[in-house]
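Single-structure report; data block below.
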Ligand code: R5P
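In this note's numbering, the protein residues as written are 6 to 294.
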C-alpha cells in the first residue's frame, strides 16, 4: 500500500501515510508553458494498493484535473487497486438539475472519477450523501463532526451549546455531540414582518453560555456571520465557529472575526490557516475496514 499526495492535500496525505505506516509518494509536477499540467508518479506502483489523496477546493478545475491524472496514471502503471480520497468534493452542491438545461456537475465528476479505473471513492461530509449513489464505483461518505467533537474540549467552554445555523446543520451538531457531550440545537429563521427576519435557537437558551456554531461548509461566511450577530443579541458569552470544509470564499474569515467570533476552526479537508483538526483518523479507519 502507498499514499500518493495530490498538491491540494499535501499535509493530510502525509498524516494518512504516517498513520497507515506506509510509503508517501509525492508526484513530480510542473506547468507546461501553455498552462497544461505535467505529472509523474516517481515510484513503483505496480501491484500496490494506491491511495490517491487530492481535495478539490479552489482552483477546483485544476485540482480536479490533477486528481483525474493521478488516478488514471496509478491505474495505468499497474496498481492492483486505486482508492480515490477526495476530502472536499467540489461541485457537490450542483447535484440535480434545478432548471432545465443545467449541468448536473456532481454526476459528471463521479462519472469521470469512475472512468479512470479507480476502484472506490471516499469523501467527507459531502453536500448530499444520497447523491453519491449515482457513482458507478463504491462511494462512501465519512463524518468529520465526531473528530471535531473530540477536539472541542481544547476550547475550555463554559456551559457549552452546539448550534447548527439552520435545520440542515442539526445533523452536524448531533454528530459532534456524540464525542462532546453538550446540549445542541439549531437556529430557526422566522419572518417577523414582510421586511423583517429574525433567527433564534429552536428551544435552547444561550444567554451567558459559550456557543459553538457548526456547519459543513463556511463559504462566504454569510450564514455564520448572521448567526453570530443574533447570538450576541441573545447574550451568548463566547461564540466559536467551526466547519468541516473551510471554503472561505472572498473575505469570509475577516467577516466572521469582525462579527465577534472568538475563534474560527476547521478540518484539513481543505488545507488552510484554520485547519486545526485532521480527518486522517476517519480516513485511516475507513481504509482499514
Ligand atoms: C448550506 O447548505 C451549507 O450547509 C452552508 O450553510 C453554506 O454553504 C454556507 O455558506 P456561506 O458561508 O456562504 O453562508
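Built from N, CA and C at the ideal position, the CB exists for glycine as well.
Query raised in the report: Excluding five sequence neighbours on each side, which residues of the same chain lie with their C-beta closer than 6 angstroms to the C-beta of residue 4?
Result: A question about residue 4 goes unanswered here, because the residues of the chain that appear run from 6 up to 294.
Query raised in the report: Expressed to the nearest angstrom, what Euclidean distance is found between the alpha-carbon atoms of residue 76 and residue 12?
Result: Here residue 76 is taken as the residue at index 71 of the chain shown, counted from 1. Here residue 12 is taken as the residue at index 7 of the chain shown, counted from 1. Whole-angstrom Cα-Cα distance: 14 angstroms.
Query raised in the report: Which residues in the same chain as residue 140 place their Cβ atom closer than 7 angstroms to its Cβ, once the five residues preceding and following it in sequence are excluded?
Result: As a position in the chain shown, residue 140 is number 135, starting the count at 1. Excluding sequence neighbours, residue 140 sits near 115, 119 and 126.
Report task. Closer than 6 angstroms by C-beta to residue 215: which residues in its own chain qualify, once you throw out the five before and the five after it? Chain order, please. Result -> To locate residue 215, count along the chain shown from 1; it is residue 210. Answer for residue 215: 162, 163, 165, 242 and 243, listed in chain order.
Query raised in the report: Is residue 222 near the ligand R5P, with its Cβ less than 7 angstroms from a heavy atom?
Result: Looking up residue 222 in the chain shown gives position 217. Yes, the ligand R5P has a heavy atom inside 7 angstroms of this Cβ.
Report task. Locate the beta strand (DSSP E) running through residue 29, then write down its first and last residues. Result -> The count along the chain shown starts at 1 and reaches residue 29 at position 24. Counting along the chain, the beta strand (DSSP E) containing residue 29 begins and ends at 28-30.
Report task. Count the other C-beta atoms from every protein chain shown that fall within 10 angstroms of the C-beta of residue 103, then say buried if there are 16 or more, exposed otherwise. Result -> Your numbering for residue 103 matches position 98 in the chain shown. Exposed, since its Cβ has fewer than 16 Cβ neighbours within 10 Å.
Query raised in the report: If you draw a straight line from the C-alpha of residue 16 to the C-alpha of residue 56, how long is it?
Result: Residue mapping note: residue 16 aligns to position 11 of the chain shown, counting from 1. Residue mapping note: residue 56 aligns to position 51 of the chain shown, counting from 1. Taking the straight line joining both Cα atoms gives about 14 angstroms.
Query raised in the report: Do you know how far the Cα of residue 289 is from the Cα of residue 71?
Result: As a working mapping, residue 71 is identified with position 66 in the chain shown. As a working mapping, residue 289 is identified with position 284 in the chain shown. So the two alpha carbons sit approximately 22 angstroms from each other.
Query raised in the report: Can you tell me the Cα-Cα spacing of residue 270 and residue 93, whole angstroms?
Result: Here residue 270 refers to the residue found at position 265 of the chain shown. Here residue 93 refers to the residue found at position 88 of the chain shown. Distance between the alpha carbons of residue 270 and residue 93: 16 angstroms.
Query raised in the report: Any idea what DSSP makes of residue 69, helix, strand or coil?
Result: Position 64 of the chain shown, counting from 1, holds the residue named residue 69. Looking at residue 69 - three-state DSSP - the assignment turns out to be helix.
Query raised in the report: Can the beta-carbon of residue 130 be found less than 8 angstroms from the beta-carbon of residue 149?
Result: Sequence index remark: in the chain shown, residue 130 carries index 125 (1-based). Sequence index remark: in the chain shown, residue 149 carries index 144 (1-based). Yes, they are a contact pair.
Requested in this report: Using three-state DSSP, classify residue 19 as helix, strand or coil.
Outcome: As a working mapping, residue 19 is identified with position 14 in the chain shown. Helix, per DSSP.
Report task. Would you kindly work out how many angstroms separate the C-alpha atoms of residue 207 and residue 193, rounded to a whole number? Result -> As a first step, residue 207 must be located in the chain shown, where it is residue number 202. As a first step, residue 193 must be located in the chain shown, where it is residue number 188. Distance between the alpha carbons of residue 207 and residue 193 is about 6 angstroms.
Query raised in the report: Taking the alpha carbon of residue 135 as the point to measure from, which residue in 30, 97, 153 and 36 has its own alpha carbon closest?
Result: Stepping through the chain shown from its first residue, residue 135 is reached at position 130. Measuring from the Cα of residue 135, the nearest candidate turns out to be 97.
Query raised in the report: If residue 296 and residue 233 are in contact, beta carbons under 8 angstroms, what's the gap, nearest whole angstrom?
Result: Because the chain spans 6 through 294 in this model, residue 296 falls outside it and cannot be assessed.
Requested in this report: Give the secondary structure of residue 280 by DSSP, where H, G and I count as helix, E and B as strand, and everything else as coil.
Outcome: Translated into the one-based positions of the chain shown, residue 280 becomes position 275. Strand at residue 280.
Requested in this report: Decide if residue 358 is buried, meaning its Cβ has at least 16 other Cβ atoms within 10 Å, or exposed.
Outcome: Lying before the first or after the last residue shown, residue 358 is absent from the chain, which here runs from 6 to 294.
Requested in this report: Kindly list the residues whose CB is nearer than 8 angstroms to the CB of residue 105, restricted to its own chain and excluding five residues on each side of it in sequence; keep chain order.
Outcome: The sequence position of residue 105 within the chain shown is 100, counting from 1. So no residue of the chain qualifies.
Query raised in the report: Helix or strand or just coil, what does DSSP make of residue 153?
Result: If you number the chain shown from 1, residue 153 lands on position 148. Of the three classes helix, strand and coil, the one that applies to residue 153 here is helix, per DSSP.
Report task. Taking only runs that begin and end inside the region 79-161, name each unbroken beta strand (DSSP E) of 3 or more residues, in chain order. Result -> 86-91, 125-129 and 144-147
**Report entry** Nonlocal neighbours in the same chain, by C-beta distance under 7 angstroms from residue 78, ignoring five residues either side
**Finding:** The residue labelled residue 78 in the question sits at position 73 within the chain shown. Excluding positions up to five away in sequence, the list reads 44 and 46.
Query - Rounded Cβ spacing between residue 124 and residue 87 (contact assumed at less than 8 angstroms) - result: Along the chain shown, read from residue 1 onward, the residue named residue 124 stands at position 119. Along the chain shown, read from residue 1 onward, the residue named residue 87 stands at position 82. Indeed, because the Cβ distance is near 6 angstroms, the residues count as touching under 8 angstroms.
Query - Spatial distance of residue 184 from residue 32 (CA atoms) - result: The count along the chain shown starts at 1 and reaches residue 184 at position 179. The count along the chain shown starts at 1 and reaches residue 32 at position 27. Cα to Cα, residue 184 sits roughly 36 angstroms from residue 32.
Query raised in the report: Is residue 37 buried or exposed, if buried means 16 or more other CB atoms sit within 10 Å of its CB?
Result: Here residue 37 refers to the residue found at position 32 when the chain shown is read from its first residue. Under this definition residue 37 is an exposed residue.
Query raised in the report: What is the DSSP secondary structure of residue 211, reduced to helix, strand or coil?
Result: To locate residue 211, count along the chain shown from 1; it is residue 206. It is coil, neither helix nor strand.
**Report entry** residue 282 versus residue 138: straight-line alpha-carbon distance, rounded
**Finding:** Mapped onto the chain shown, residue 282 falls at position 277. Mapped onto the chain shown, residue 138 falls at position 133. Using only the alpha carbons, I get a separation of about 28 angstroms.
**Report entry** Alpha-carbon to alpha-carbon, residue 133 and residue 146
**Finding:** Here residue 146 corresponds to residue number 141 of the chain shown, with the count starting at 1. Here residue 133 corresponds to residue number 128 of the chain shown, with the count starting at 1. In a straight line, the C-alpha of residue 146 is about 10 angstroms away from that of residue 133.
Query - Pick from 29, 82 and 59 that is closest to residue 295, judged by C-alpha positions - result: The structure shown does not extend to residue 295, since the chain is modelled only from 6 through 294, so no value can be given for it.
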